[in-house]
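Each residue of the sequence shown is one higher than the last, beginning at 651 in the numbering used here.
From the three backbone atoms N, C-alpha and C, an ideal C-beta is built for every residue, glycine too.
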Amino acid sequence: MTAHAKRTYTLTELADHVGGSVAGDEARINETKVSGVGTLAGSKGHQISFLTNVKYKSQLADTAAGAVILNEKMLDDCPVPALIHSNPHAAFARIAQLFDTTPEVASGIAETAVVASSATLGTNVSLGHNVIIEDNVMLGDNVRIGANTVIGKGTKIGEGSTIYPNVTVYHDIVIGKRVTIHSQTVIGAAGFGYANDKGTWLPIPQTGSVQIGDDSQIGASSSIDRGAMEDTIIGKNVIIDNQVQVGHNCIIGDHSCICGATGIAGSCHIGKYVILGGGCGVNGHISICDNVQVTGYTMIVQDITESGVYSSGQPAMKNRDWRKVTVRTRQIDDLFNRVKALEKG
651 MTAHAKRTYT
661 LTELADHVGG
671 SVAGDEARIN
681 ETKVSGVGTL
691 AGSKGHQISF
701 LTNVKYKSQL
711 ADTAAGAVIL
721 NEKMLDDCPV
731 PALIHSNPHA
741 AFARIAQLFD
751 TTPEVASGIA
761 ETAVVASSAT
771 LGTNVSLGHN
781 VIIEDNVMLG
791 DNVRIGANTV
801 IGKGTKIGEG
811 STIYPNVTVY
821 HDIVIGKRVT
831 IHSQTVIGAA
841 GFGYANDKGT
851 WLPIPQTGSV
861 QIGDDSQIGA
871 SSSIDRGAME
881 DTIIGKNVII
891 DNQVQVGHNC
901 IIGDHSCICG
911 ATGIAGSCHI
921 GKYVILGGGC
931 GVNGHISICD
941 NVQVTGYTMI
951 VQDITESGVY
961 SSGQPAMKNR
971 DWRKVTVRTR
981 QIDDLFNRVK
991 ALEKG
């Protein structure tokens, strides 16, 4: 991630940047200068906000933002200059990137970094303190690696990728271009493969690798295991949240989203544009087709072959209602048998 120098933009400049248009009082549009982003409720006059969720529409009337990004249907309710866009959330993301002040994870090569003589570094590579680059590692141009990170033997990292401090990347991993990996994540640890011999667990060497596609983002404290014999594959532009476990030999298709605390057992094949909500569990050897959305805390125990929304988690309810539902659930089998007996009678 590259921090942008602070600067101020006109609303028209921002609209041109995201492919939108401006609307409102012309004098106010010309006066509006944007130097930051904020929420509808908390923005000041120099900030731009956005509205996509009608839940927050009530905050629009009283917003102090200098401008608001919204779609054309909400324009009549906007009391300040508007930036009209068909996808306000995406437009906001691109504008927020202009004001990103996140510092670089490293600048230059620290004296305490250890780089093997057989490693290959591209131009403008930055390595933080105590970074270890092992034998035959290849780093592309503009790769940035934060302090205390270890890059194992033979690993390849594509240009423009950023790895935050305290990440461990094992041997022979392939990471694409513009990939971001956050702190405490482990890429390429041994998959959970064992054979049982009369009660004794025998580890099966995990000789595959991990491949991570271009423009993917891996959150903090997540684990992506290497394959047993073939590779674990993360597609292009996949976003993986914090504290996610991806088991060995999994394949996750392009543009999919895996939310926090989700666990995916080994040899699962997840399609493209799949969203797994937080806390989901996916049983081993499961296939999920493209364009599936799974709500939080769902347990997936069989293949999903049709796109759509799937759920199994039970929404919260008052304790007394939950207790009643639990009792009645236990009575379902007895009720079924009574109905069956009546039908026979």
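Excluding the 5 residues flanking residue i on each side, which residues of the same chain have their C-beta closer than 7 Å to its C-beta?
i	result
Ile982	none
Ser671	Ala665, Ile734
Leu701	Leu690, Lys707, Leu710, Val718, Leu720, Met724, Pro738
Gly758	Ser776
Gln893	Ser871, Ser872, Gly910, Ala911
Ser736	Asn721
Give me, in chain order, the residues of the same chain whose beta-carbon lies closer than 6 Å to that of residue i; leave out the 5 immediate sequence neighbours on both sides.
i	result
Val888	Ser866, Ile902, Ser906
Val924	Ser906, Ile938, Val942
Leu771	Leu789
Val764	Ile782
Asn680	none
Val896	Ile874, Ile914
Thr773	Asp791
Gly804	Asn786, His821, Asp822
Tyr659	Val684
Val959	Gln943
Identify, in the order they occur along the chain, each residue of the same chain with its Cβ nearer than 8 Å to the Cβ of residue i, setting aside the five sequence neighbours on each side.
i	result
Thr713	Leu690, Ala691, Ser693, Ser699, Pro729, Val730
Asp991	The amino acid at residue 991 is misidentified as Asp; the sequence shows Ala. Contacts found: none.
Ala845	Trp851, Leu852, Ile854
Gly946	Cys909, Gly927, Gly928, Gly929, Cys930, Gly963
Glu676	none
Pro815	Val755, Gly778, Gly796, Ala797, Asn798, Thr799, Ser833
Report the CB separation of residue i from residue j in whole angstroms; it is logged as a contact under 8 Å.
i	j	result
Gly928	Cys909	4 Å
Ala769	Val787	4 Å
Gly674	Ala732	5 Å
Gly716	His739	So it is not a contact: roughly 19 Å between Cβ atoms.
Met879	Thr857	6 Å
His779	Gly841	Not a contact, Cβ separation roughly 31 Å.
Less than 9 Å between the beta carbons of residue i and residue j, yes or no?
i	j	result
Ser872	Ala839	no
Ile868	His821	no
Val775	Asn798	no
Ile719	Ile734	yes
Asp881	Ser859	yes
Ile782	Ala756	no
Asp727	Lys707	yes
Val687	Phe742	yes
Thr948	Cys930	yes
Ala835	Thr812	Contrary to the premise, residue 835 reads as Thr rather than Ala in this sequence. Taking 9 Å as the Cβ cut-off, Thr835 and Thr812 do not qualify as a contacting pair.
Asp864	Gly808	yes
Ile950	Asn969	no
Ile823	Gly802	yes
Ile883	Ile825	no
Ala957	Asp984	The question names Ala, but residue 957 is Ser in the sequence shown. Their beta carbons are not under 9 Å apart, which means Ser957 does not touch Asp984 by this criterion.
Could you name the residues that DSSP lists as bridge partners for residue i?
i	result
Thr948	BP columns for Thr948 are empty, so no partner.
Ser776	Arg794
Gln943	Ile925, Val959
Ser937	His919
Gly931	Gly913, Met949
Leu789	Leu771, Ile807
Tyr659	Val684
Thr649	No statement about residue 649 is possible, as the shown extent of the chain runs from 651 to 995 and does not include it.
Thr812	Arg794, Thr830
Val764	Ile782
Ile825	Ile807, Ile862
Ile954	Ile938
Determine whether the Cβ of residue i lies closer than 9 Å to any Cβ atom of chain D.
i	result
Gly758	In the structure shown, chain D cannot be found, because there is only a single protein chain.
Which parts of the segment 719-747 are runs of the beta strand (DSSP E), unbroken and 3 residues or longer, counting only runs that do not cross its ends? Entirely contained in the segment 719-747, the beta strand (DSSP E) runs reaching 3 residues are, in chain order, 732-734.
Segments assigned alpha helix (DSSP H), at least 4 residues, entirely inside the segment 670-722: 676-681, all fully within the segment 670-722.
Would you mind listing the beta strand (DSSP E) stretches within the segment 831-907 that are 3+ residues and don't spill past its ends, in chain order? The segment 831-907 contains these whole beta strand (DSSP E) runs: 844-847, 850-853, 860-862, 882-884.
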